[in-house]
Amino acid sequence: MSDMNGKVALITGASSGIGRATAELFAANGAKVVVAARRQDELDSLVAEIEAQGGQATAIQTDVAVAADVERMVAHA
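Here it is in structure tokens:
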């Protein structure tokens, strides 16, 4: 994977599975990741893991089926 320093990645579904793995990979390659999902506790755990490895991450609880949540997520990123 190429260097992602200076990039911001907004990743939905990041509380588990492919979304979580993608967030971990992007952060390991230098991206600041904004992780979003419905389960805040899992997002908090992911942010802590990324930061413990020297990465930058922030989380926002989002249900992508709710338009107001999506608008808030994009504004947060």
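Each residue of the sequence shown is one higher than the last, beginning at 1 in the working numbering. Backbone N, C-alpha and C define an ideal beta-carbon position, used for all residues, glycine too.
Excluding five sequence positions before and after M4, the CB atoms of its chain that fall closer than 7 Å to its own CB belong to F26, N29, G30 and A31, given in chain order. Secondary structure at Q40: helix, using DSSP grouped into helix, strand and coil. Apart from the 5 residues on each side of it in sequence, M73 sits with its Cβ closer than 6 Å to the Cβ of A36, I60 and T62 in its chain, given in chain order. Proximity to A14 across E24, K7, Q53 and A67 peaks at E24, based on C-alpha coordinates.
A9 has its alpha-carbon roughly 12 Å from the corresponding atom of H76.
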